[in-house]
Amino acid sequence: MTQREVDAVARMLPDERGQRAYDWLYVIARASATQYEQLVASYLDHEEDPMLARLALQTLCTFWGFADRYTDQLERFLGEVEWDHLGDVRLIAISASGEYLRENVHSGLLRRLLELADHNGDSTMQPRFALEAVARALDDPTLAEVKGRENRYAAVRERGWARLVAEEESRGRDR
Numbered sequence: 008m009t010q011r012e013v014d015a016v017a018r019m020l021p022d023e024r025g026q027r028a029y030d031w032l033y034v035i036a037r038a039s040a041t042q043y044e045q046l047v048a049s050y051l052d053h054e055e056d057p058m059l060a061r062l063a064l065q066t067l068c069t070f071w072g073f074a075d076r077y078t079d080q081l082e083r084f085l086g087e088v089e090w091d092h093l094g095d096v097r098l099i100a101i102s103a104s105g106e107y108l109r110e111n112v113h114s115g116l117l118r119r120l121l122e123l124a125d126h127n128g129d130s131t132m133q134p135r136f137a138l139e140a141v142a143r144a145l146d147d148p149t150l151a152e153v154k155g156r157e158n159r160y161a162a163v164r165e166r167g168w169a170r171l172v173a174e175e176e177s178r179g180r181d182r
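To convert, note that position 121 of the sequence shown is 128 in this note's numbering; the numbers rise steadily by one, no gaps.
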């Protein structure tokens, strides 16, 4: 796609709704058109269509690698957002947070992932995804595949909480 075509899509996007809006947002995302960061970020609060918010968060944090600029949004979506009824945006926040934490320290994100992972009674897949995100954050390939292995679940939880304690103690010393 040419830059001219991407620019045309960016001009049309604000007037679109539904599937066409999603398609145009996806074009901008995959074209790596980072000059439209603010346009994409404007969809983070798209209550009428959570899938647009989901794609915006995925674009900014995963596709474009701007998670460091959006840690507040990641933390927000790891919590309960009233209009994210199916948890689609939260799942992207879980994944993006795990990747971000591989090379960065953010005790708020790590704590939230660990809390989500500890919701054993949750009937959704979110606790498992959160635990796998913690495993990625620990950057240990032997822990990354925790599916159906209780001993690995325990190891990931234990190491995740230990990392959080160490980060918070370090932050306390740095003040």
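For each residue, glycine too, the CB sits at the ideal point set by N, CA and C. Everything numeric in this text was worked out from a predicted model, so none of it was measured.
Can the beta-carbon of L62 be found less than 9 Å from the beta-carbon of F84?
-> Going by C-beta atoms, L62 is not nearer than 9 Å to F84.
Could you pull the start and end residues of the alpha helix (DSSP H) that S104 belongs to?
-> Per DSSP, S104 belongs to the alpha helix (DSSP H) from 95–110.
Going by other Cβ atoms of all chains shown within 10 Å of its Cβ, with 16 needed for buried, is T66 buried or exposed?
-> buried
List the endpoints of the continuous alpha helix (DSSP H) containing D125.
-> No alpha helix (DSSP H) holds D125; DSSP gives it neither H nor E.
Beta-carbon spacing of R164, L108 below 9 Å = no
For G179, count neighbouring Cβ atoms within 10 angstroms of its own Cβ and tell me buried if that reaches 16, exposed if not.
-> A residue is called buried when at least 16 other Cβ atoms come within 10 angstroms of its Cβ; G179 does not meet this threshold and is exposed.
So is S39 buried or exposed if we call it buried at 16+ other beta carbons inside 10 Å?
-> Around the Cβ of S39, a 10 Å sphere holds fewer than 16 other Cβ atoms; the residue is exposed.
Looking only at its own chain, which residues have a Cβ that is under 6 Å from the Cβ of R166, when we skip the five neighbours before and after it?
-> L145
CB of E82 within 9 Å of CB of R143, strictly = no
Minimum length 4: unbroken alpha helix (DSSP H) runs contained in the region 39–87 = 44–48, 57–65, 78–85
Would you kindly work out how many angstroms separate the C-alpha atoms of A103 and A140, rounded to a whole number?
-> Roughly 8 Å between the two C-alpha positions.
Along the alpha helix (DSSP H) that carries R143, what are the first and last residues, could you check?
-> Per DSSP, R143 is one residue of the alpha helix (DSSP H) stretching across 133–144.
E176 to M58 span [Cα, whole Å] = 38 Å
R24 - DSSP class collapsed to helix/strand/coil | coil
In three-state DSSP terms, what is W90?
-> coil
DSSP state of M19 mapped onto helix, strand, coil | helix
Indicate the three-state DSSP secondary structure (helix, strand or coil) for D147 in the structure shown.
-> coil
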